[in-house]
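Engineer: Add 2 to a position in the sequence shown, counting from 1, and you land on the number used in my numbering. Using N, Cα and C, we set each Cβ at its ideal position, and we do this for glycine too. This is the structure, below, for whatever I ask next.
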Amino acid sequence: MLLDNVADVEKRIQNACNRAGRDRKEVTLVAVSKTKPVSDIREVMESGIIDYGENKVQELCDKYEVLPKDLHWHMIGHLQRNKVKYLPGKTVLIHSVDSLRLAEEIEKDFWKKGMDADILVEVNVARESSKFGTFSDEVTELVQQIAKLPHVHVKGLMTIAPYTDDPESNREYFRKLRQLSVDIKQKNIDNVSMSHLSMGMTGDYEVAIEEGATLIRVGTGIFGERDYTI
Ligand SMILES: *Cc1c(COP(=O)(O)O)cnc(C)c1O
Numbered sequence: 003m004l005l006d007n008v009a010d011v012e013k014r015i016q017n018a019c020n021r022a023g024r025d026r027k028e029v030t031l032v033a034v035s036k037t038k039p040v041s042d043i044r045e046v047m048e049s050g051i052i053d054y055g056e057n058k059v060q061e062l063c064d065k066y067e068v069l070p071k072d073l074h075w076h077m078i079g080h081l082q083r084n085k086v087k088y089l090p091g092k093t094v095l096i097h098s099v100d101s102l103r104l105a106e107e108i109e110k111d112f113w114k115k116g117m118d119a120d121i122l123v124e125v126n127v128a129r130e131s132s133k134f135g136t137f138s139d140e141v142t143e144l145v146q147q148i149a150k151l152p153h154v155h156v157k158g159l160m161t162i163a164p165y166t167d168d169p170e171s172n173r174e175y176f177r178k179l180r181q182l183s184v185d186i187k188q189k190n191i192d193n194v195s196m197s198h199l200s201m202g203m204t205g206d207y208e209v210a211i212e213e214g215a216t217l218i219r220v221g222t223g224i225f226g227e228r229d230y231t232i
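This is the structure in structure tokens:
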């Protein structure tokens, strides 16, 4: 059943890539497994997907412990500074960095374990009050500050677009995020690359791919609806 979902998502990704004239290899599908059991992940792993996204540190660590160590774990949710210390060695990318204080904590905790951290800066492009993320007019300055931390490497930008039934309505936000990354790239900041754009979820990942996403975060479309009551 889950493998049918993956096949469907794969087909849509390929079609979106075709429409945009992009190579499928430019887009990494991150399967968002939050709230879902390890048995579901094992099933999805049969498709060959190795990238998984979690939004809670505890859950990420629990799943990391019991699953094969060659999976790539993405921390995609709001991150509290006191939880950063559990992440070194477990995550390939932290998508949700939205303050210098958090980046400084990552610098400290990763370096303590002799490691570097790849991160994305989360941008609240639509300026929704319910969302985390830095505002567009503050991103460049934040990136410049984080760039000074020697063991934290900014690899791009991430956004969570508004929840909507009409994916087209989010196109403008994906475009804005891409434009922001182009602007920052032109500044040639040391220790900063803008190779990744993490944008697009189940409802809008096709539009996000058309607008340049390199990482899409798909939960419901692969694992089905989440039950938060249990
Ligand atoms: C839950 C979550 C997703 C996946 O959402 P779906 O709509 O189920 O695909 C993507 N990104 C973030 C940051 C999330 O928290």
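Determine contact between the segment 199 to 208 and the segment 160 to 173, defined as no fewer than three beta-carbon pairs at a distance below 8 angstroms.
Structural biologist: yes
Engineer: Let me know the secondary structure DSSP gives Glu157 once reduced to three states.
Structural biologist: A quick correction: the sequence has Lys, not Glu, at residue 157. Three-state DSSP puts Lys157 in a strand.
Engineer: Any idea which residues DSSP pairs Asp120 with across the strands?
Structural biologist: His155
Engineer: Can you tell me whether Thr231 is helix, strand or coil according to DSSP?
Structural biologist: coil
Engineer: Under 8 angstroms, do Gln115 and Pro90 count as touching if we go by C-beta distance?
Structural biologist: Here residue 115 is Lys; the residue named in the question, Gln, does not match the sequence. The answer is yes: Cβ separation under 8 angstroms.
Engineer: Which whole-angstrom value describes the C-beta separation of Gly202 and Ile211, a residue pair presumed to lie in contact below a C-beta threshold of 8 angstroms?
Structural biologist: 6 angstroms
Engineer: Leaving aside the five residues before and after Leu151 along the sequence, list all residues of the same chain whose C-beta is less than 7 angstroms from its C-beta, in chain order.
Structural biologist: Ala105, Glu106 and Glu109
Engineer: Report yes or no: do the segment 68 to 86 and the segment 12 to 25 share at least 3 C-beta pairs separated by less than 8 angstroms?
Structural biologist: no
Engineer: Taking 8 angstroms as the limit between beta carbons, can you name the residues of its chain near Asp25, skipping five residues before and five after?
Structural biologist: Cys19
Engineer: What span of residues does the alpha helix (DSSP H) with Val40 cover, start to end?
Structural biologist: Val40 to Met47 is the span of the alpha helix (DSSP H), which, as asked, contains Val40.
Engineer: Taking only heavy atoms of ligand 1 into account, decide whether any of them is closer than 7 angstroms to the Cβ of Arg219.
Structural biologist: Within the cutoff, so yes.
Engineer: Decide if Gly135 is buried, meaning its Cβ has at least 16 other Cβ atoms within 10 Å, or exposed.
Structural biologist: buried
Engineer: I'd like to know whether the C-beta of Asp72 is nearer than 8 angstroms to at least one C-beta of chain C.
Structural biologist: No chain C appears in this structure, which consists of one protein chain only.
Engineer: Do Val40 and Tyr54 have their beta-carbon atoms positioned less than 8 angstroms apart in this structure?
Structural biologist: no
Engineer: Can you tell me whether Val34 sits near ligand 1, meaning its C-beta is under 7 angstroms from at least one heavy atom of the ligand?
Structural biologist: yes
Engineer: In whole angstroms, what separates the C-alpha of Leu4 from that of Lys36?
Structural biologist: Straight-line Cα distance between these residues: approximately 15 angstroms.
Engineer: Using a 10 Å radius around the Cβ and a threshold of 16 neighbouring Cβ atoms, would you call Arg103 buried or exposed?
Structural biologist: exposed
Engineer: What residue range is occupied by the uninterrupted beta strand (DSSP E) comprising Tyr54?
Structural biologist: Element bounds for Tyr54: Asp53 to Glu56.
Engineer: Which partner residues of Ala33 appear in the DSSP bridge assignment?
Structural biologist: Tyr54 and Val220
Engineer: Count the other C-beta atoms from every protein chain shown that fall within 10 angstroms of the C-beta of Phe137, then say buried if there are 16 or more, exposed otherwise.
Structural biologist: exposed
Engineer: Would you mind stating whether Val184 and Val156 have Cβ atoms separated by less than 8 angstroms?
Structural biologist: no
Engineer: Would you say Gly79 touches ligand 1, meaning its beta carbon is less than 7 angstroms from a heavy atom?
Structural biologist: Indeed, a heavy atom of ligand 1 lies less than 7 angstroms from the Cβ.
Engineer: Given the structure, does Ile211 come close to ligand 1, in the sense that its CB is under 7 angstroms from one of the ligand's heavy atoms?
Structural biologist: no
Engineer: Tell me, which residues are paired with Trp75 by DSSP?
Structural biologist: DSSP output for Trp75 lists Tyr54 and Thr93 as bridge partner(s).
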